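Residue numbers (our numbering): 198 to 386. Where a beta carbon is used, it is the ideal one built from N, C-alpha and C, also for glycine. Only a predicted model underlies this, so the values are computations on that prediction, with no experimental measurement involved. Input: a single structure, listed below in structure tokens.
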């Protein structure tokens with residue numbers, strides 16, 4: 198059974214992404230749920246996928262529900278549409294929009310197709326996570342494991358060396374003397 202690996206980019210910052218794996222027979226509803234888990238979002242809002250192209254233009258809609266809005270064509274329903282049935286190209290793209298009032302937008306790109314399943318994974322599965330996910334409801338504090346993970350990844354403690362040394366005051370005095378000399382010579386002209 199084919200396994201599809203997708204990279205889901207946060208639209209506003211492509212250094213933040215999640216890689217997920219789904220079976221080609223799984224539905225867009227299952228893909229929607231794994232994206233929400235991967236970005237630590239709740240499941241309380243409207244959502245839709247759009248089939249897309251290389252220029253990230255919105256095409257056929259695959260919706261969680263039929264919403265009170267105008268459609269160019271009736272949307273496909275996430276629960277009834279398998280992911281494999283909508284793959285048209287080797288690097289197929291989708292746009293995923295969640296919470297229409299906040300308009301969270303994610304770019305979904307097929308990055309790999311594997312013939313065999315990994316018996317260690319329970320599909321759909323999050324297989325890679327890069328960057329700190331945006332906070333769904335405002336500022337997310339960097340506490341506990343997240344802060345430790347960020348410190349470890351970016352080695353924040355190493356950048357602290359060289360700050361607050363006594364030599365800084367001497368450099369400041371030299372700068373003030375040079376400024377004072379410039380003012381005196383400006384007054385003599």
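Reference residue i, options the options, closest by Cα
i: residue 319; options: 206, 211 and 219; result: 219
i: residue 227; options: 261, 237 and 308; result: 261
i: residue 200; options: 295, 282 and 298; result: 282
i: residue 328; options: 203, 210, 270 and 267; result: 210
i: residue 251; options: 238, 234 and 292; result: 292
Spatial neighbours of residue i in its chain, beta-carbon cut-off 8 Å, leaving aside the 5 residues before and after
i: residue 278; result: 224, 225 and 259
i: residue 213; result: 206, 207, 327, 328, 329, 330 and 331
Residues that DSSP places opposite residue i in a beta bridge
i: residue 310; result: 201
i: residue 214; result: 206 and 327
i: residue 290; result: 249 and 306
i: residue 295; result: 244 and 301
i: residue 284; result: DSSP, once it has assigned bridges, lists no residue as partnering residue 284.
i: residue 219; result: 201
i: residue 279; result: 224
Nearest-angstrom Cα separation, counted from residue j out to residue i
i: residue 216; j: residue 230; result: 14 Å
i: residue 249; j: residue 289; result: 7 Å
i: residue 276; j: residue 246; result: 12 Å
i: residue 266; j: residue 316; result: 42 Å
i: residue 324; j: residue 271; result: 33 Å
i: residue 256; j: residue 273; result: 12 Å
Other residues of its chain near residue i: CB distance less than 7 Å, five sequence neighbours each side excluded
i: residue 208; result: 302, 303 and 304
Same chain only: Cβ atoms within 6 Å of residue i, ignoring 5 sequence neighbours per side
i: residue 236; result: 330
i: residue 311; result: 200
Proximity of residue i and residue j at Cβ, strictly below 9 Å
i: residue 294; j: residue 244; result: yes
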